[in-house]
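Visitor: Residue numbers (the numbering used here): 3 to 233.
We put the CB at the ideal spot given by N, CA and C, even for glycine.
Predicted model, so just to flag it, every value in this text is computed and none were measured.
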C-alpha cells in the first residue's frame, strides 16, 4: 500500500510495521504488534486522520469496536497465560515427585486453558480478513485503508501466536508416558527441561500480551478523545 497524500515521515513507520508483521508473524509477534500500534497511534494524531474519522463516524465506530475486541482478546490471553504458567509448575512438581495422578491432572487443566486460547484466536480471526473500512476511492478511503490494514495485521499476528500456544499441551502428554526403568531418569530430565523452557516462553508472552493490551487501550482512548468535541 502506498500513500501520496499523507506526510511520509508519519506514514512510513506504520507501513513498515505492517509489512514486518505480514512477512513473519511468528517471530517476536507481540513485540512487533506493540511497535505497529505505536505507529498507528502516531497516525491517529495527524490532523488529516482526525478529520477523516470525524467526517466518517461509521468508520470510527468500527475501528473502536475492532480495537475493543483485540484488547479483550489480549486481556483474556494474559489471564490464560498466568493459568498455563501455574499448570506448568504443577507439572514440573509432579514429574519431580513421580506422581502420575498429579501430572495427569495438570495436563488436563493445561489442555483446557489451551482450548480457551484457541477460542480467543477464533474470536478475532475475522478481523484479519475484514473488508476495507471504505470501499470508495479518495483520500479518505486511503487513510481508512491504511488503518484497516494495521488492524488486520494485528489480528492476524495475534491469531498466529495464540494458535501456536494452543498446541503446547502435547509435551504434557509426552511427559505422562512411562519409559522403561532404565530410561526413566533421562526422560524425566528431558521433560523437566522442556517444561521449564515452556514456562520461560509463556512468561515472555504474558508480558508481551500485557503491553499489547495496554497499547490497544491507549490507542482506543486516543481515538475516543479525537472524536469527542472539545468543551
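From the DSSP output, in three-state form, read off residue 26 for me.
Guide: Locating residue 26 in the chain shown gives position 24, where the first residue counts as 1. In the structure shown, residue 26 sits in coil (DSSP, three-state: anything other than H, G, I, E or B).
Visitor: Quick one: is residue 70 buried, meaning 16 or more other Cβ sit within 10 Å of its Cβ, or exposed?
Guide: Counted from its first residue, the chain shown places residue 70 at position 68. Exposed, because fewer than 16 other Cβ atoms sit within 10 Å of the Cβ of residue 70.
Visitor: Can residue 151 and residue 20 be called in contact, C-beta distance under 7 Å?
Guide: Residue 151 sits at position 149 when you count from the first residue of the chain shown. Residue 20 sits at position 18 when you count from the first residue of the chain shown. Their beta carbons are under 7 Å apart, which means residue 151 touches residue 20 by this criterion.
Visitor: Assuming the contact rule is C-beta atoms closer than 8 Å, residue 120 and residue 160 should be a hit. Round their C-beta distance to whole Å, please.
Guide: For this step, residue 120 is matched to residue 118 along the chain shown. For this step, residue 160 is matched to residue 158 along the chain shown. Rounded, the Cβ-Cβ distance is 13 Å, inconsistent with contact.
Visitor: For my contact list, residue 229 and residue 50 are in at a C-beta cut-off of 8 Å; report their separation, rounded to the angstrom.
Guide: Taking the chain shown and counting its residues from 1, the one referred to as residue 229 is at position 227. Taking the chain shown and counting its residues from 1, the one referred to as residue 50 is at position 48. Rounded, the Cβ-Cβ distance is 15 Å, inconsistent with contact.
Visitor: In whole angstroms, what is the alpha-carbon distance linking residue 124 and residue 157?
Guide: Within the chain shown, the letter at position 122 stands for residue 124. Within the chain shown, the letter at position 155 stands for residue 157. Roughly 10 Å between the two C-alpha positions.
Visitor: Roughly how many whole angstroms lie between the Cα atoms of residue 30 and residue 164?
Guide: The count along the chain shown starts at 1 and reaches residue 30 at position 28. The count along the chain shown starts at 1 and reaches residue 164 at position 162. Whole-angstrom Cα-Cα distance: 13 Å.
Visitor: Throw me the rounded Cβ distance for the residue 66 and residue 222 pair, which I believe falls under 8 Å.
Guide: By one-based count along the chain shown, residue 66 stands at place 64. By one-based count along the chain shown, residue 222 stands at place 220. Yes, residue 66 and residue 222 are in contact; Cβ-Cβ is about 6 Å, under 8 Å.
Visitor: With a threshold of 16 other CB atoms inside 10 Å of the CB of residue 182, please say whether the residue is buried or exposed.
Guide: What you label residue 182 is simply residue 180 of the chain shown in a count that begins at 1. Residue confidence is low: residue 182 scores 49 on pLDDT, short of 50, so the model does not pin down where it sits. Its coordinate-derived value is still stated next. With fewer than 16 other Cβ atoms within 10 Å, it is exposed.
Visitor: If you reduce the DSSP assignment to three classes, tell me which class residue 101 lands in.
Guide: In the chain shown, the residue the question calls residue 101 occupies position 99. Of the three classes helix, strand and coil, the one that applies to residue 101 here is coil, per DSSP.
Visitor: Where does the unbroken alpha helix (DSSP H) through residue 44 begin, and where does it stop?
Guide: As a working note, residue 44 is residue 42 in the chain shown. Start and end: 31-46.
Visitor: Kindly indicate which three-state DSSP category residue 58 falls into: helix, strand or coil?
Guide: Taking the chain shown and counting its residues from 1, one reaches residue 58 at position 56. It is coil, neither helix nor strand.
Visitor: Is residue 164 near the ligand COA - that is, is its Cβ less than 6 Å away from at least one heavy atom of it?
Guide: With respect to small molecules bound, the structure shown includes none, and the ligand COA cannot be examined in it.
Visitor: Closest to residue 154 by C-alpha separation, out of 130, 146, 75 and 143, would be which residue?
Guide: Position 152 of the chain shown holds residue 154. Nearest option by C-alpha distance: 130.
Visitor: How many angstroms separate the CA atom of residue 90 from the CA atom of residue 193?
Guide: Against the chain shown, residue 90 aligns to sequence position 88. Against the chain shown, residue 193 aligns to sequence position 191. Roughly 11 Å between the two C-alpha positions.
Visitor: Name the residue from 143, 105 and 83 whose alpha carbon lies nearest to the alpha carbon of residue 116.
Guide: Reading the chain shown from its first residue, position 114 is the one you call residue 116. It is 83 whose Cα lies nearest to the Cα of residue 116.
Visitor: Check this for me: beta carbons of residue 41 and residue 15, under 7 Å apart or not?
Guide: If you number the chain shown from 1, residue 41 lands on position 39. If you number the chain shown from 1, residue 15 lands on position 13. Cβ atoms of residue 41 and residue 15: closer than 7 Å.
Visitor: Nearest-angstrom Cα distance between residue 86 and residue 100?
Guide: Indexing the chain shown from 1 puts residue 86 at position 84. Indexing the chain shown from 1 puts residue 100 at position 98. One C-alpha to the other measures close to 20 Å.
Visitor: Apply the 10 Å Cβ neighbour rule to residue 214 and answer buried if 16 or more other Cβ atoms are within range, or exposed otherwise.
Guide: For the purposes of this step, residue 214 is taken as the residue at position 212 of the chain shown. Result: buried.
Visitor: Express the C-alpha separation of residue 97 and residue 218 in angstroms, rounding to a whole number.
Guide: Position 216 of the chain shown holds residue 218. Position 95 of the chain shown holds residue 97. Between residue 218 and residue 97, the C-alpha separation is close to 39 Å.
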